[in-house]
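K.L.:
Sharing a structure here in structure tokens format.
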Amino acid sequence: MTESTPYSDAQIGNQLRLYRKAAGMTQRTLAGKIGITFQQVQKYENGLNRLSAARLYAIAHALQVPVRLFFPGGDMEHDLPHSAFTVARNFSRIPNDRHRDAVATLVGALSSEC
């Protein structure tokens, strides 16, 4: 990381992993949506390969998040309604009642720690 680059490929990859998981997508699903292999998604998430602007835009579009969220200081606060919607949508797709209860318990425990 240099002064002219205030972010690293690994940081962007970590953000990619975070938003992919929040969207309830596997690496394979995301890869299929943007026309690459899941191994390439793995490399992006691990910071081994640098994302081009066009690829980052395609990924953000597939995950339904703004591109700026992949960078430090991306200001997620303004996107909370969208994030909350994504969580609610994915939560409602969990078919197993016990799994939904476990997720709700986990979220409750995590929120009380904040």
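Under the working numbering, the first residue of the sequence shown is numbered 37, with each subsequent residue one higher.
Just so it is clear, CB atoms sit at the ideal spot from N, CA and C, and this is done for glycine as well.
Considering only the alpha carbon of each residue, which of Thr62, Val123, Arg104 lies closest to Ile48?
P.N.:
Looking at the Cα atoms, Arg104 is the closest of the given residues.
K.L.:
Compare the beta carbon distance of Leu52 and Tyr80 with 7 angstroms and say whether it is the shorter of the two.
P.N.:
Contact flag set, yes.
K.L.:
Mark Leu77 as exposed unless 16 or more other C-beta atoms lie within 10 angstroms of its C-beta, in which case mark it buried.
P.N.:
Leu is not the amino acid found at residue 77; the sequence shown has Val there. Result: buried.
K.L.:
Under the three-state reduction of DSSP, which class applies to Phe107: helix, strand or coil?
P.N.:
coil
K.L.:
Below 8 angstroms, how does it come out for the segment 130-147 and the segment 85-93: are there three or more Cβ pairs, yes or no?
P.N.:
no
K.L.:
Between Tyr43 and Phe107, how many whole angstroms is the CB-CB distance? I'm expecting something under 8 angstroms.
P.N.:
Contact between Tyr43 and Phe107 holds: CB atoms are separated by about 5 angstroms, below the 8 angstroms threshold.
K.L.:
What residue from Thr73, Leu84, Ile72 has the CA that sits closest to Ala46's CA?
P.N.:
Leu84
K.L.:
Please check the pair Arg129 and Gly60, which I expect to be a contact at CB under 8 angstroms, by giving their CB distance rounded to whole angstroms.
P.N.:
7 angstroms
K.L.:
With DSSP collapsed to three states, give me the class of Val143.
P.N.:
helix
K.L.:
By the three-class DSSP mapping on this structure, what secondary structure does Ala59 have?
P.N.:
It is coil, neither helix nor strand.
K.L.:
Candidates Lys57, Val143, Val123: which alpha carbon is nearest Ile95's?
P.N.:
Lys57
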